[in-house]
């Protein structure tokens, strides 16, 4: 029975705690005045982020790990520093309440948040666990009326995962710091995901293209055609003298025909026949020769094969399929998809968006079927409701598919939504309604055409067609494809109505050359699909995992493709060679199975953690997942203890060819040609950070090494006698002086050499000693004004400028740094300082019309670098984006991600400080009291603002795997 206002009043005051302020605001409107709804703002308690957060009573390994591995892996939990004020507020609200409802999400993470709240708040009033998968009035009131107890099994499952991920990250990451580079991280799923991307790039590097040829013909029936019965159609050569013509699928990644048989020549020339395989590999000469021989051939229809076509609807969305389809159709990244979906859920538009289930409730099925009848008619409604079996192993607990909320679905137009939220809601709505519609049916036809060439060879062409006689669910929805060249399900290909024996004439026969292509790089959508198919990690965490490997620099984007950095090659190389089991796909999937068994109560957490960490009672079968170097003999602790076998230089070195080696150094990747002098340093050249590894060829490496690099002696400084050299550094060319060998480089007496970047008008090839001395003379004192304040000319990050005290004025050219006079400088300062913006620069590139805002999108050059804008939203280009090569789709994706984040929130700290400062000017006691009051208010405001800032990331920290 739903609670009423009078019932809540009689029942006393009830405190309802949810995760986010947005969710609290929506739920508050559905409950009576006897309820107080407040947000925890995500997790209030977690493992410590560092030793400084660990209570003093803990020492040794416990302080480092935040887990007591010697005492049954007991975790050390601390209240997050940015949540202390919120915890205090929750305790104050609880003190005035008669009942506590923990209304966090109904999954492992939500259950854990509820448990931590109970542990920290220590309520002395009855505690209820309130669960729901959609935020509607009926669902919320039903959840209040039917609470349950806290599910300790879910809590334990989440805790086990958290401890496992902490041990993995805190033990393996320091190995990367020591052997590769500081600041790197390893993770149970992120490292495996990175390995997948790296392995795909290795395949691309090893790939060798094969060339093959075939023929295409345009055939005519001799009848005047129309839409339903075309007069002409195209067909492709499929066989010659009964031998199938080789296509791309017949070649290996090394450019060889599969089942490498000994090649034998084919009569007529121009082709190669694979003995015993019945495949003909046509080359250009063979294809053109055959096309000429078929020029005057009379063709006939050899066969017509017709089959019924039927396509069933796609299942409703679960988390991963929503991410994949939003990527294909809307250009959203996984992270942006989940951010938009979170807003839709919290505002009551869709059901919970972290789910592995494709099941629809009876209420949802009824709502979907009603809309099918209303919008498309009874002919599109199947006799019985459709049900969908879950495909995800160990699907997460008790969730429904992602669908519009409520017992009556709002059409997209009825929601009042705009922008990205409208587009994602529309996608979910269409998919849900389509899932309850009839199959699409039609016919598929294959026509084979035969003709005899002038040299006697028999040639067979083939054409395939598809007609849809009843579109069914396709009226509402058609799924996208990862391959941009793939044909979508609703695409029809009509062929003429022909029968066996019909005569056809060839209007044109052309020889077509093709080359096999390397395997496509992963996109966010295809990587999510791959992880799910391999059963690695939890689908609900994939967006976080993708965000992590992008933010860490292991992977960058080129368009929508995920490209591994050279840094990731070094990291994966180390993990594969020395921690093979930890990044083994099968082992990681098996680990996921074990964790799910623990969640179901079929296994115990502590013994499993002991085997993983200490290796106690390790199964012999674990060796099968290792790489044979001994990493299967002990647990994680033993693996990270003996690092002597890891050669840091070896794991970060990769042969390019001709003796050239790519190395990943402290400051980034570089190529090196070793010297023959023992102990000497070879010639080196930096490699661009954003260069795809498969593009680093021997020729390009030679080109980099041939460029001016290293030190170029310009001559000695006439005043000091020190040699002045020019160098090409990671941040551009510069000049510097060479200090004597005995000059102290560290400590209090350290001396730094004078250094200056080259001006934009200079280059390493042309810079002179005179230029270098002028550059190192900056900043140049121009003179002083009437009050004796010194004016200097300086070269800064944003170009040349004058500086007088704290007043800076831009100069028009770099040349003015050395030529401007005091009189000219004073004239510049005599002018009022320009406020506001200068005249707008023309756009660097035009990308087209944004599908969301429907406004033109352009690339502009801003103060902090190039960015894309539609006039409403600005998004800075990422490290791997290039103005020349950025695609419209990439520009739209950057804008979508920026919109999903929402406007940046301004902290109240500065305002509070200003108010306080203003109050201090009053000397009265009353004013002093007011100032104190203002200070307190400002602190509370700041705390609230800081708490709100973490709402969007309420689960990300604990979900990271």
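In the working numbering, the protein residues as written are 1226 to 2186. Ideal placement from N, C-alpha and C gives every residue a C-beta, glycine not left out.
| Query | Result |
| --- | --- |
| Going along the chain, which unbroken runs of the alpha helix (DSSP H) with 4 or more residues stay wholly within the stretch 1721-1788? | 1749-1758 and 1767-1776 |
| Check this for me: beta carbons of residue 2100 and residue 2069, under 8 Å apart or not? | no |
| Considering only the beta carbon of each residue, do residue 1444 and residue 1460 sit closer than 8 Å? | yes |
| Determine the closest residue to residue 1529 out of 1413, 1556 and 1727, with distance taken between C-alpha atoms. | 1727 |
| Which same chain residues, not among the five before or five after residue 1831, have their C-beta less than 8 Å away from its C-beta? | 1297 and 1298 |
| Does the distance from the C-beta atom of residue 1468 to that of residue 1505 stay below 8 Å? | yes |
| Please go through the same chain and pick out, in chain order, the residues whose beta-carbon is closer than 8 Å to the beta-carbon of residue 1516, but skip the five residues on each side of it. | 1440, 1734, 1735 and 1736 |
| For residue 1415, count the other beta carbons within 10 Å of its own beta carbon; 16 or more makes it buried, fewer makes it exposed. Which is it? | buried |
| Quick check on the DSSP output: what are the complete beta strand (DSSP E) runs of length 3 or more inside the stretch 1254-1278, in order along the chain? | 1260-1264 |
| Only counting the same chain, and skipping five residues up and downstream in sequence, which positions put a Cβ closer than 7 Å to that of residue 1482? | 1471, 1475, 1476, 1499, 1504 and 1506 |
| How many Å lie between residue 1749 and residue 2053 at the Cα? | 52 Å |
| Enumerate, from N- to C-terminal direction, the unbroken beta strand (DSSP E) stretches of 3 or more residues contained entirely within the stretch 1807-1831. | none |
| Determine whether the beta carbon atoms of residue 1626 and residue 1580 lie at a separation below 8 Å. | yes |
| Using a 10 Å radius around the Cβ and a threshold of 16 neighbouring Cβ atoms, would you call residue 1376 buried or exposed? | buried |
| Would a C-beta distance cut-off of 8 Å place residue 1606 and residue 1597 closer than the cut-off? | yes |
| Is it the case that the stretch 1535-1545 contacts the stretch 1668-1677, given that we only count it when at least three CB pairs across the two stretches are under 8 Å? | no |
| Assuming the contact rule is C-beta atoms closer than 8 Å, residue 1360 and residue 1532 should be a hit. Round their C-beta distance to whole Å, please. | Not a contact, Cβ separation roughly 47 Å. |
| Any idea if residue 1976 is buried or exposed, counting beta-carbon neighbours within 10 angstroms, 16 or more meaning buried? | exposed |
| Mind the definition here: the stretch 1765-1785 touches the stretch 1547-1560 only if three or more C-beta pairs lie below 8 Å; say whether that holds. | yes |
| Here's the rule: buried if 16 or more other CB atoms are within 10 angstroms of the residue's CB, otherwise exposed. What is residue 1868? | exposed |
| Considering only residues of the same chain and omitting the five flanking positions on each side of residue 1757, which have a CB-CB separation below 8 Å? | 1545, 1617, 1764 and 1767 |
| In angstroms, rounded to a whole number, what distance separates the CA positions of residue 2123 and residue 2094? | 10 Å |
| Any idea if residue 2125 is buried or exposed, counting beta-carbon neighbours within 10 angstroms, 16 or more meaning buried? | buried |
| Are the CB atoms of residue 1325 and residue 1348 within a distance shorter than 8 Å? | yes |
| Considering residue 1388, what are the terminal residues of the alpha helix (DSSP H) in which it resides? | 1377-1404 |
| Tell whether a beta-carbon distance below 8 Å holds between residue 1948 and residue 1979. | no |
| How is the beta strand (DSSP E) around residue 1530 delimited, first residue to last? | 1524-1536 |
| Express the C-alpha separation of residue 1273 and residue 1303 in angstroms, rounding to a whole number. | 6 Å |
| Under 7 Å Cβ to Cβ from residue 1583, same chain only, skipping five residues before and after it: list those, please. | 1540, 1541, 1543, 1613, 1615 and 1626 |
| So, at 7 Å on beta carbons, what are the nonlocal neighbours of residue 1238 in its own chain, with the 5 sequence-adjacent residues on each side left out? | 1259, 1261, 1321, 1322 and 1323 |
| Hey, is the stretch 1803-1815 in contact with the stretch 1451-1459, meaning 3+ C-beta pairs nearer than 8 Å? | no |
| By Cβ distance below 8 Å, which residues in the same chain neighbour residue 1318 in space, the five residues on each side in sequence not counted? | 1240, 1261 and 1263 |
| Is residue 1417 closer than 8 Å to residue 1761 when the C-beta atoms are compared? | yes |
| In chain order, which continuous runs of the alpha helix (DSSP H) of length 4 or greater are located wholly inside the stretch 1412-1460? | 1415-1431 |
| Out of curiosity, what's the CA-to-CA distance linking residue 1279 and residue 1288? | 6 Å |
| What alpha helix (DSSP H) runs, 4 residues minimum, are completely inside the stretch 1294-1321? | 1309-1320 |
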